[in-house]
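Chains as they are written, first to last, in UniProt numbering: chain A, 1 to 396; chain B, 1 to 396; chain C, 1 to 396; chain D, 1 to 396. From the three backbone atoms N, C-alpha and C, an ideal C-beta is built for every residue, glycine too. Given the structure is predicted, the values throughout are model-derived calculations rather than measurements.
Number of protein chains: 4
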Amino acid sequence: MSMQTGRRVGVAFVGMGGAVATTAIAGIEMIKSGSNRLDGLPLAGLSVQGMTDYKDLVFGGWDLNGDDLASAATGHGVLTKQDIENGAQVLKGITPWPAVGSAKFCKNIEGGNRIVAKDHRETVSIIAKDLKRFREESNLDEVVVVNLASTERWPDLTAAVLNSTDAFEKGLDTDDESISPAMLYAYAAIKSGVPYANFTPSVAADVPALLNLAKELGVPVAGKDGKTGQTMMKTVLAPALKARALHVDGWFSTNILGNRDGLALNDPSSLQSKINTKGTVLDSILGYPVEDHLVHIHYYRPRGDDKEAWDNIDVTGFMGQRMQIKVNFLCKDSILAAPLVIEIARVLDLAKQRGDSGAQEQLSTFFKAPMVKNGAGPVHDFGKQQKMLLDWLGVN
Amino acid sequence: MSMQTGRRVGVAFVGMGGAVATTAIAGIEMIKSGSNRLDGLPLAGLSVQGMTDYKDLVFGGWDLNGDDLASAATGHGVLTKQDIENGAQVLKGITPWPAVGSAKFCKNIEGGNRIVAKDHRETVSIIAKDLKRFREESNLDEVVVVNLASTERWPDLTAAVLNSTDAFEKGLDTDDESISPAMLYAYAAIKSGVPYANFTPSVAADVPALLNLAKELGVPVAGKDGKTGQTMMKTVLAPALKARALHVDGWFSTNILGNRDGLALNDPSSLQSKINTKGTVLDSILGYPVEDHLVHIHYYRPRGDDKEAWDNIDVTGFMGQRMQIKVNFLCKDSILAAPLVIEIARVLDLAKQRGDSGAQEQLSTFFKAPMVKNGAGPVHDFGKQQKMLLDWLGVN
Amino acid sequence: MSMQTGRRVGVAFVGMGGAVATTAIAGIEMIKSGSNRLDGLPLAGLSVQGMTDYKDLVFGGWDLNGDDLASAATGHGVLTKQDIENGAQVLKGITPWPAVGSAKFCKNIEGGNRIVAKDHRETVSIIAKDLKRFREESNLDEVVVVNLASTERWPDLTAAVLNSTDAFEKGLDTDDESISPAMLYAYAAIKSGVPYANFTPSVAADVPALLNLAKELGVPVAGKDGKTGQTMMKTVLAPALKARALHVDGWFSTNILGNRDGLALNDPSSLQSKINTKGTVLDSILGYPVEDHLVHIHYYRPRGDDKEAWDNIDVTGFMGQRMQIKVNFLCKDSILAAPLVIEIARVLDLAKQRGDSGAQEQLSTFFKAPMVKNGAGPVHDFGKQQKMLLDWLGVN
Amino acid sequence: MSMQTGRRVGVAFVGMGGAVATTAIAGIEMIKSGSNRLDGLPLAGLSVQGMTDYKDLVFGGWDLNGDDLASAATGHGVLTKQDIENGAQVLKGITPWPAVGSAKFCKNIEGGNRIVAKDHRETVSIIAKDLKRFREESNLDEVVVVNLASTERWPDLTAAVLNSTDAFEKGLDTDDESISPAMLYAYAAIKSGVPYANFTPSVAADVPALLNLAKELGVPVAGKDGKTGQTMMKTVLAPALKARALHVDGWFSTNILGNRDGLALNDPSSLQSKINTKGTVLDSILGYPVEDHLVHIHYYRPRGDDKEAWDNIDVTGFMGQRMQIKVNFLCKDSILAAPLVIEIARVLDLAKQRGDSGAQEQLSTFFKAPMVKNGAGPVHDFGKQQKMLLDWLGVN
């Protein structure tokens, strides 16, 4: 376990009532009270100077659903009844701040706990005030924003407004339609000097306008799209297939999941954002385009918050002979995601302390489409990503 | 493809008529004739100064079965009829040299093509002459011995004869029962200055007596137990589970295979050798003992030379919640093994050129129980092994 | 094996150059020549009075692709090179008759070997002449037509023209757009007194207009959509789940296949026909609607003519506890389908001899959406279907 | 649900503290109290004259472990904490009667709640008294004994004492070693006119001595070895493979389970009893010996009371082409078994009412090795067994 620094770090979640956020919060609160172990927390075994302790994390955040977190968590079905009872006192006491919602960017998910603002400018001002109030009221040394909201549709990345800081500022003034809710959160955080991570497939901070702003203002950012189940496995297996020169003829990936995330993906435009971030991983690792790489995600209610992936991989080896690998991963989406979110927040806080700004590539292992500092493509090989992280932390 | 150096390297297989050797030989001969691609050859894409080209490999070896290689290959059912026809001219022309056999060390497999010798000393002398003749008749720059024979039973590793060079020499004189056929080949090779690799689970050169001898005489050696299917996958997946702090509660591995290898493993003492080399991999990578790690290998004829592995992995993640990963690998044993054997031979020849002697750790990626230079435990993490190899080759 | 009656039965395939037809023809020709066993032929072990012997079958048929069957079969990749060589003499000598094609009913598949006719009437007249010529030239006791052509889009089943024989006749005169190519073949066969089977998901003879005509004219018909892989398995498993009172909460079925059939299903309207015939099976057997029953079919080229199904079944048992069954079927579409087609032809010929007309329910076991004589729903339970067939044959 | 007859039937379990018995008892008690549905109870949907209602069942039984059932159930980990709390009042109030144990017949499982008796005769007399007391104190219309104890080793079936009623009687007098504890329970039940079912793989009543006695005394008996998971699936799939003439080249079955049952199977002699009952099912259904039929059962603690089966089936179809089916069944042993045990008791009571004595073949569907009335082999085909049961019940 990392050393106890006493450094208080606030984590403000966009989508605080969701399955991942409530699981993360409940889990950390249970660690504070001694009823949860450190399983699943990737950096739990390391001793890194300056990194805040799990027990010094404090939580806040926004959600369109204004229910207290105990109610929200009960609905997600991730935590056991026992877990919720154990953490009830804390969870019941937390209610999300009003959030930004836009049916234009995400159709399926709605809720009534909305920021009332006449335009983009007023919205970002309210978000910034939320952050300031959180920092002051909770007596925090630092705040980190982590986006866990439902996936937004893919924007037009060539829009001028997304490609320079100036144009973006003007876009805020003119209520430009290309600016999504996730971008408003990202902008408000960066302007407030608050590190920002995007765990969703939404574009959010991954546009030149916001990346440049982050660099200018010395704010670390990271993203995008948490790498938990099938894609993680893909980035673990593909490097080995490449090392053994087994040519990947096809990779068929199907997923079934029954949570709110899955429901949102029933909206084809949100699904496309997801497929975008999943797609290039494989070709990038292998060094050639896999001609039959299919990825499907299906909303299947019996699975609940559990998520099941079935992958079939066809490879050609020596003498042109063909083999197959099939992987069936019965995982739990939020259980895998929640501890990653916690570690991302801890590392972003450390990056800020170290003066690192802009895209934090050392966090690549936690993302399907890692944001990178310069034009070079991201590293997807899981082993190499892990080495990058441990090297940066200084513990390898 | 590596540069054509013109350096002729002979590969002498112990167990030349077996499925792996015949596949390796046929595959390389077909590369020479242009009818096979480089799929499955891990180092095919690299350009390494001094490493011999696939086309400059020449094959010889011993086998208890004296059939020509075309007949032997037909029996194994690995190569297609078409392949054997294509390579028939070459394969028909190759007949294995008489081999050493001992029912004490390997019960199930027998054959009549045996070295006639009155004792250990005469046996090693005949093996050494085989190597000398092979080098001269084929006009070779170097020879490498690779052991592909059936698995021997596990010897008593505490026997004095295996623990010092002197004792071993005396053991040869007294026909000591602790010295197995695989050790006789290893000794003869090392004494002849010929690099030796052990692709089988047998102990062979992995005893102090022979390792010291190799170091003294400047001979590179490598082993043991080729890592092709299930164990390879294990060393690919386990580091990722560790990186994500997913605690492995159990790992159930079962294998079905129908080739001569499987039949030999029906002898419980040979099976034990195999299980020994498979067993420690997991605990070593994870850093804790997996309490329920079961490995089973079954002789199942419908699978023929194909090999199928089914793994079930139980992990505990955040909040103590449990998940499962199941991997079904429909692989072809000899098709995976043959190209590794080729690369091991090429790297051992390069090591000899570079003056590296004793255990060649950079070859760890190809072995279930890598031999190491000093007392430290071997590296099992597939990604780290791959990095070691590429670093040694100077191509990373 | 059934008794040799000497009764010569001609089988005329719609889609004679396809993978199923060429496999069926090659297999029977190889049985004639003694180089194929009776594996996979469901009725091979039975002795049924009057049923024609495999050796007395004669083949003809239509295809938009005019290539000889040896060329066609080579393209499908189902038969081995050796098989095609063995059967080459026969297969090379068979060339499909010109066929009916309509881009309106099936988009993806085209070919130049087309019937030249100015309208529906002339088309059916040409088909009828083909059948007459086939019977005479091959000296046949009976002819059976089996539709194996690519799936057509689902027609408007409420169209008047499909609901009475008179309206259909008028529709032929007016070149009605609701009449598909498969219906033209069915009509021509029935009018010629020739039994007709529809092994595709297309509607074909399964409309009142044609069913009534078949009954009137004493012609047996059967269909539709051959039950080979995943759906067969579904009708095998579901009755057992019902017998054990395990409630099916969800059934997720995905398929990957790489043959021409898969390509055709890339056209969403053809896919819909397939999904229609697959969909109701489960609910019908279980007696309640499965709320999450998903069926997906994907075109995935590495699989070639092989077809792979992965099913995940979620059930609730005693005490409300949940369990899962996963089935991975690595099958070969045409290898499973071809012998069923043969048996269907043999049984239809026998039905004609026995004077049975209209829908032949005893053939239900071979179809995903069995045609039935009266308004009652079809039997889908595999075991009950098998009993129906054996009872009808008189061998149970 | 069956009609409420008011007929009170007592079920006396041998092994009452085990996972299956406690699950059965808790489940029925929860049905009585309205907190459990009828899922998983195969006959719940039927209306059969004379069959007792679930709510009229009363439970008793023996166990070497004398803990109350709430404690016992907690240890098994089958029921949720919530379930046990709901049923606590009843379960806490039930304590097993002292039981017969013999280390000679079952090594691994022991406990201190033992019948104190000097010999076989006194033992059966105590068991008979237990049954009498149970009937009187609970005011029962009928009692049924169901054996759920740990598997015993396979006895020498040729022993004279097991082959005639007279010899058995003498064996009781002489404390014959061939008579196992399960046989003592069976004898005592039959002599008391109490129907007896053997849900374990132990031989118990399936010897001529006891079968004849049951027939003589008009007592129905049934067994043996409950068919819940993998074997059930085998008897569901095999008939379909036979119907399609797909030749089974091999069937590899492996099981992992972590409950007390699995632990007992670690004793090779108990395992052999299990393998015996599992083995013949397949060949019997297919009509030919499957040459590579392997069945393995492994004790693997992470699975707890859940049981996982992985089956790989190799078949040959038309044209000699090979296909594979793989089935992964993630089931819960006691959850599947408990409702079968309940139904067996209800049917045996009904058989007694109807005057049926000896082996009750209509219960075949619930057993891996069904006991049969005469010399003919048992029916294993799941569909046919189901039909036999429904026909006997008069509801088909």
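{"query": "Starting from Tyr-288(C), trace the alpha helix (DSSP H) both ways and give me its first and last residue.", "result": "No alpha helix (DSSP H) holds Tyr-288(C); DSSP gives it neither H nor E."}
{"query": "Alpha carbon to alpha carbon, how far is residue 401(D) from Ile-179(B)?", "result": "Because residue 401(D) is not part of the residues shown, which for chain D are 1 to 396, the question remains open."}
{"query": "Would you decide whether Tyr-299(A) is buried or exposed? Buried here means 16 or more other CB atoms lie within 10 Å of its CB.", "result": "buried"}
{"query": "List the whole-angstrom C-beta distance separating Asp-56(B) from Arg-7(B), where the pair is believed to meet the contact cut-off of C-beta under 8 Å.", "result": "6 Å"}
{"query": "Between the region 303-320 of chain A and chain B, which residues of the former have CB atoms less than 7 Å from a CB of the latter, in chain order?", "result": "Thr-316, Gly-317, Phe-318, Met-319, Gly-320"}
{"query": "Under a CB-based cut-off of 8 Å, is Gly-77(B) close to chain D?", "result": "no"}
{"query": "On the criterion of 16 or more Cβ atoms from any shown chain inside 10 Å, does Arg-303(B) qualify as buried, or is it exposed?", "result": "buried"}
{"query": "Leaving out five residues before and five after Leu-38(C) in sequence, what residues of the same chain have Cβ atoms less than 6 Å from its Cβ?", "result": "Ala-44"}
{"query": "Could you check what DSSP says for Leu-57(A) in three-state terms: helix, strand or coil?", "result": "strand"}
{"query": "Hey, out of Gln-230(C), Ala-238(C), Thr-254(C), Trp-154(C), whose CA is closest to Ala-205(C)'s CA?", "result": "Trp-154(C)"}
{"query": "Apart from the five residues just before and just after Val-315(B), which ones in its own chain have a Cβ nearer than 8 Å to its Cβ?", "result": "Leu-241, Leu-246, His-247, Val-248, Asp-249, Arg-322, Met-323, Gln-324, Ile-325"}
{"query": "In this structure, how does DSSP classify Gln-360(A) when only helix, strand and coil are distinguished?", "result": "coil"}
{"query": "Can you list, in chain order, the residues of the region 240-262 of chain D whose Cβ is nearer than 7 Å to any Cβ on chain B?", "result": "Asp-249, Gly-250, Phe-252, Thr-254, Ile-256"}
{"query": "Could you check whether Val-144(B) and Ala-182(B) sit closer than 8 Å to each other, using their CB atoms as the reference points?", "result": "no"}
{"query": "For Ser-364(B), which residues of its own chain have a beta-carbon under 7 Å away from its beta-carbon, when the five flanking residues on both sides are left out?", "result": "Pro-370, Pro-378, Val-379, Gln-385, Met-388"}
{"query": "Taking only beta-carbon positions, decide if Met-16(B) is within less than 8 Å of chain A.", "result": "no"}
{"query": "Are the region 325-335 of chain D and the region 189-196 of chain D touching by the rule of at least three beta carbon pairs closer than 8 Å?", "result": "no"}
{"query": "Is there a Cβ from chain B that is less than 8 Å from the Cβ of Asp-283(D)?", "result": "no"}
{"query": "Quick check on DSSP: helix, strand or coil for Val-90(A)?", "result": "helix"}
{"query": "Which bits of chain C does Asp-292(A) rub up against, with CB to CB less than 7 Å?", "result": "Tyr-300, Arg-301, Pro-302"}
{"query": "To the nearest angstrom, how far is the alpha carbon of Leu-64(D) from that of Val-116(D)?", "result": "12 Å"}
{"query": "To the nearest angstrom, how far is the alpha carbon of Ala-24(D) from that of Met-233(D)?", "result": "22 Å"}
{"query": "For the region 23-35 of chain C, enumerate the residues whose C-beta is nearer than 9 Å to any C-beta of chain D, in chain order.", "result": "Thr-23, Ala-24, Ala-26, Gly-27, Met-30"}
{"query": "Ignore the nearest five residues each way along the sequence and tell me which others in Pro-220(B)'s own chain have a CB closer than 6 Å to its CB.", "result": "Pro-195, Leu-348, Ala-351, Lys-352, Asp-356, Ser-357, Gln-360"}
{"query": "Would you report the Cα separation of Leu-294(D) and Arg-354(B), rounded to the nearest angstrom?", "result": "50 Å"}
{"query": "Leaving out five residues before and five after Gln-4(D) in sequence, what residues of the same chain have Cβ atoms less than 6 Å from its Cβ?", "result": "Low per-residue confidence applies at Gln-4(D): pLDDT is 47, beneath 50, and the placement is therefore not dependable, though the value from the model is reported in the following sentence. The answer, listed in chain order, is Asp-53."}
{"query": "Tell me the residue span of the alpha helix (DSSP H) that contains Thr-151(D).", "result": "First-last for Thr-151(D): undefined, no H or E at that position."}
{"query": "If we cut at 8 Å on Cβ distances, does Lys-326(C) have a partner in chain A?", "result": "yes"}
{"query": "Can you give the Cα-Cα distance for Ile-256(C) and Asn-312(C), rounded to whole angstroms?", "result": "15 Å"}
{"query": "Whole angstroms is fine: what's the gap from Arg-121(A)'s alpha carbon to Asp-173(A)'s?", "result": "6 Å"}
{"query": "Use the C-beta contact count for Glu-291(C): other C-beta atoms within 10 angstroms, 16 or more gives buried, fewer gives exposed.", "result": "exposed"}
{"query": "For Asn-212(B), name the three-state secondary structure that DSSP assigns.", "result": "helix"}
{"query": "Can you confirm whether Leu-148(A), when its beta carbon is compared against all beta carbons of chain B, has any partner nearer than 8 Å?", "result": "no"}
{"query": "With a 10 Å radius around its C-beta and 16 neighbouring C-beta atoms as the bar for buried, classify Leu-157(C) as buried or exposed.", "result": "exposed"}
{"query": "Please report the straight-line C-alpha distance between Arg-114(C) and Ile-127(C), rounded to a whole angstrom.", "result": "12 Å"}
{"query": "Would you give the residue range spanned by the alpha helix (DSSP H) that Trp-392(C) belongs to?", "result": "382-393"}
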